[in-house]
Amino acid sequence: MKYTIGHQECPGYSWKNCPGDTWNYKDVIAGKGFEKEVFKVAERDVNEVSDWAAASWKEAQANGYFDGTRPGDNLTREEAAIIVNRLRSNFLKLIGSNTAGIKALEGKLQEIEKENR
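Mapped onto numbering that gives the first Met the number 0, the consecutive letters of the sequence shown carry residue numbers 0 to 116.
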C-alpha cells in the first residue's frame, strides 16, 4: 500500500465507530480502495538551469565545482564529496597564502570568545 489512511479519511466513517469490524480484509491487504496520492512530483527537465539559480550555476561551473551537466538533477553523495573536497582544496590554497591575516583573525576571535564567557 502506498499510504495507510486514518478513520477520518474513510468515506462515510468520519463520524462513526471504527469501520474495521466490517472491512473486507482481503481488499485491505491488497490495498484496494484504500490508497490515495500523497503528493505529486513536478516534472522538469534536469538539463535546464532554473532562472533563480542560473548565475550561481555558471559561476560554480566556471570554478570547476560542477561539470556542467544535469543542473536540475539530484546530487549523489559521491558528487557531494567531490564538491566538498574541491571547496576544501581551494580554501586551503587561499589560506595558505594569507597566514598573517589568518593569525590576526584568530586573535580577534579569541578576544571575542573571552568577552562572551
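Where a beta carbon is used, it is the ideal one built from N, C-alpha and C, also for glycine.
Just so we're clear, the structure is a prediction, and the values are computed from it rather than from any experiment.
A straight-line Cα-Cα distance of about 38 Å links W51 and A99. The beta carbon of E47 is closer than 8 Å to those of P70, G71 in its chain, skipping five residues each way along the sequence.
Residue state for R116 is assigned as coil, using DSSP reduced to three classes.
Exclusion of the five residues before and after A59 leaves F65 as the residues of its chain whose Cβ lies within less than 8 Å of its Cβ. Less than 8 Å divides the Cβ of R85 from the Cβ of G63. Counting along the chain, no alpha helix (DSSP H) covers R69, and no H or E run does either.
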